[in-house]
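Below: one structure, written as C-alpha cells.
Numbering (our numbering), first residue to last: 146 to 248.
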C-alpha cells in the first residue's frame, strides 16, 4: 500500500488514529470526481474525506466546486449562436494544427 499524505504533512503521517494514511493533494485531485459522485462506494468516499478533513487547500477546492455545481444545476441550457460555434471550431482547429508535430 502506498504512503498517502497531505502535501503539508510529513511523509507517512496519519490522521491521528493510526488507521488512515492520507493522499497527496495531487492524488486527491485526480479522484475529485469520485469524491463528488454520490454513487462512489462508502469506503472510497471515507478515504477521500480523510484528506479533505486534514487539508485546508483541498477543502476549499471541494467547497468551491460543490457551490459551483449547485449554481449551474439551476441554470437552463443556452444555445450557442452559429457564428460563435464556427469561430470556436476554427480557433480549436488552428490550435490543434499548431500542436501537430512536424515530420
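By construction, the Cβ of each residue, glycine as well, lies at the ideal position given by its N, Cα and C atoms.
Only a predicted model underlies this, so the values are computations on that prediction, with no experimental measurement involved.
### Query
Count the other CB atoms within 10 Å of the CB of residue 203; is the residue buried (16 or more) or exposed (fewer)?
By one-based count along the chain shown, residue 203 stands at place 58. It is buried - the Cβ of residue 203 has at least 16 other Cβ atoms within 10 Å.
#### Entry: Straight-line Cα distance separating residue 181 from residue 192
On the chain shown, position 47 is the one that residue 192 refers to. On the chain shown, position 36 is the one that residue 181 refers to. Answer to the nearest angstrom: the Cα atoms are 13 Å apart.
#### Entry: Classification of residue 236 by the beta-carbon crowding that lies within 10 angstroms, buried from 16 upward
Taking the chain shown and counting its residues from 1, the one referred to as residue 236 is at position 91. So residue 236 counts as exposed.
### Task
Assign residue 238 to one of two classes, buried (16 or more other C-beta atoms within 10 Å of its C-beta) or exposed (fewer than that).
Position 93 of the chain shown holds residue 238. Exposed, since its Cβ has fewer than 16 Cβ neighbours within 10 Å.
### Rounded C-alpha distance that separates residue 217 from residue 184
As a working note, residue 217 is residue 72 in the chain shown. As a working note, residue 184 is residue 39 in the chain shown. Approximately 20 Å between the Cα atoms of the pair.
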